[in-house]
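Remarks on the structure that follows.
Protein chains in written order, with this note's numbering: chain A, 113 to 221; chain B, 685 to 797.
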């Protein structure tokens, strides 16, 4: 079954405490991406990756890092989270047909 | 700054009616257009993609694209209560290796029995 998994699904943390949200896909897609979804602002792309070791900024990359060491995994790293990064985060796999993960609801206190 | 505009709704239609969802975009060179459905608390799911002017039909769904008017729409025929969701329009231009889609804020659709 085609699948994009994210972990954790829910996370409450404090300002400045580094965290990683993992994303994995089983569809052998080259293109993967991260989005955040905020009320009134919609979905905005944070980073994307065209292939292993190839990543690029999306529309809202500030405060985030990514890495793509393997094709199937694309973790999102918040090195020093701040309250304005409280949001719902989605990982997606595929280019024209994007498959979204289940989402990670992050709260930064 | 690329913009994708959608009426936030809610759009309320009776069961069995045609629901018409509209989207306008600002970047004239946009090449790829997508409609996603997002149920409350769930992740977006691709319904339709369209790349050239005209209509594209898939079951009860029809996407319509008019690049001259910078307008893309989604028609849902024989609307069902299970179609109640937020519908997101997304636009991508693909120029110079740009693969960043711009999403609209979504239109909430309510299909009442």
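Here a beta-carbon is modelled for each residue, glycine too, at the ideal position from N, C-alpha and C.
Strand pairing of residue i, partner residues [DSSP]
i                     : result
residue 757 (chain B) : B:706, B:748
residue 112 (chain A) : With chain A running from 113 to 221 in the structure shown, residue 112 (chain A) is simply not present.
residue 774 (chain B) : B:718, B:787
residue 769 (chain B) : B:793
residue 127 (chain A) : Note: residue 127 (chain A) sits in no beta bridge, so no partner.
residue 116 (chain A) : A:137
residue 159 (chain A) : A:146, A:169
residue 739 (chain B) : B:748
residue 689 (chain B) : B:708
residue 122 (chain A) : A:217
Three-way DSSP call (helix, strand, coil) for residue i in this model
i                     : result
residue 696 (chain B) : strand
residue 140 (chain A) : coil
residue 196 (chain A) : helix
residue 102 (chain A) : In this structure chain A extends from 113 to 221, so residue 102 (chain A) is not present and cannot be described.
residue 211 (chain A) : strand
residue 217 (chain A) : strand
Beta carbon proximity, residue i to chain A, threshold 7 Å
i                     : result
residue 731 (chain B) : no
residue 757 (chain B) : no
residue 724 (chain B) : no
residue 823 (chain B) : Residue 823 (chain B) falls outside the range modelled here, since chain B spans only 685 to 797, and no answer is possible.
residue 745 (chain B) : no
Cutoff 7 Å: residue i Cβ touching any chain B Cβ
i                     : result
residue 151 (chain A) : no
residue 209 (chain A) : yes
First through last residue of the beta strand (DSSP E) which encompasses residue i
i                     : result
residue 152 (chain A) : Where residue 152 (chain A) is concerned, there is no enclosing beta strand (DSSP E), given that its DSSP letter is neither H nor E.
residue 733 (chain B) : 729-734
Under 8 Å: do the region 179-187 of chain A and the region 695-714 of chain B share three or more Cβ pairs, one atom per stretch? With the cut-off at 8 Å, the region 179-187 of chain A and the region 695-714 of chain B do not touch.
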